[in-house]
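Under the numbering used here, think of the first position of the sequence shown as 27, with each following residue one higher.
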Amino acid sequence: MADPSPSPVRPEHAPLSREVADDLLSVLQAFERVVRWGFRTQQHPDDPGPAAQATLFYLLRHEPARAKDIADWLGVGAAPMSRQLADLEAQGLVGRVPDPDDARAALTSLTDAGQEAVRELRARRVTVLQQALGGLADEEVRDFTGSMERMVEEFRRGLHAVKGARP
């Protein structure tokens with residue numbers, strides 16, 4: 027991805043202005059709504075639900091993973107994650123094996139069926155993005171992607187400073 031243009035560096039721990047943060051919140055909320063709506067247009071009746079999809083997408087990039095790591099990443103508790111993984115395992119989309127480094131934990135990975143399901147979901151989402159953003163040049167989207175990656179990383183870094191915050 028192309029790096030976004032360098033931006034002025036703010037003094038450490040200096041908060042954004044309230045106006046800028048409020049504008050960003052409005053845009054992020056609108057972006058989230060329109061992206062979810064776009065992805066729902068390609069949803070199939072037998073697709074896993076949104077929480078299951080988030081778990082599968084996480085595993086696509088971070089397998090094998092402990093349930094705690096998945097739960098932390100998705101911002102959910104241990105009990106809901108345990109139920110989610112049990113459901114996905116019953117559907118044959120994930121498999122779990124004992125963690126060789128911690129006998130109390132298990133490592134979760136996508137099964138072949140899970141890999142196929144998540145590849146299909148991802149392909150449909152990519153198609154939605156290609157069609158919906160067809161009016162933008164690749165370079166514009168690369169720049170936006172680079173800026174968003176930087177914002178995600180900065181947001182994570184900032185949250186780590188907040189007691190009790192999870193990524």
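Every residue, glycine too, gets a C-beta built ideally from N, C-alpha and C. Please read these numbers as outputs of a predicted model, since none were measured by experiment.
Hey, out of Val-188, Ser-135, Ala-40 and Leu-162, whose CA is closest to Arg-92's CA? For the purposes of this step, residue 92 is taken as the residue at position 66 of the sequence shown. Nearest of Val-188, Ser-135, Ala-40 and Leu-162 to Arg-92, Cα basis: Ser-135.
Grab me the residues of Ala-149's own chain with a C-beta within less than 6 Å of its C-beta, minus the 5 sequence neighbours each way, in chain order. For the purposes of this step, residue 149 is identified with residue 123 of the sequence shown, where counting begins at 1. Spatial neighbours of Ala-149 in its own chain (CB-CB distance under 6 Å, excluding positions within 5 residues in sequence) are not present.
Member of Asp-164, Glu-179, Arg-176 and Gln-157 whose CA lies at the smallest distance from the CA of Arg-61: Position 35 of the sequence shown, counting from 1, holds the residue named residue 61. Residue 61 is actually Val in this sequence, not Arg. Shortest Cα-Cα distance from Val-61 to any of Asp-164, Glu-179, Arg-176 and Gln-157 involves Gln-157.
Three-state class that DSSP yields for Ser-135 in the structure shown: Looking up residue 135 in the sequence shown gives position 109. Ser-135: strand per DSSP, three-state reduction.
Indicate whether the contact test is met: 3 or more Cβ pairs, each with one atom in the segment 121–138 and one in the segment 67–76, closer than 8 Å. The segment 121–138, when compared against the segment 67–76, does not touch it at the 8 Å Cβ threshold.
Is the segment 111–119 touching the segment 128–147, taking contact as three or more C-beta pairs under 8 Å? Under the three-pair Cβ rule at 8 Å, the segment 111–119 counts as touching the segment 128–147.
Let's test the definition: count the other Cβ atoms within 10 Å of the Cβ of Gln-55 and tell me whether it reaches 16, buried, or not, exposed. Along the sequence shown, one-based indexing puts residue 55 at 29. That one is exposed.
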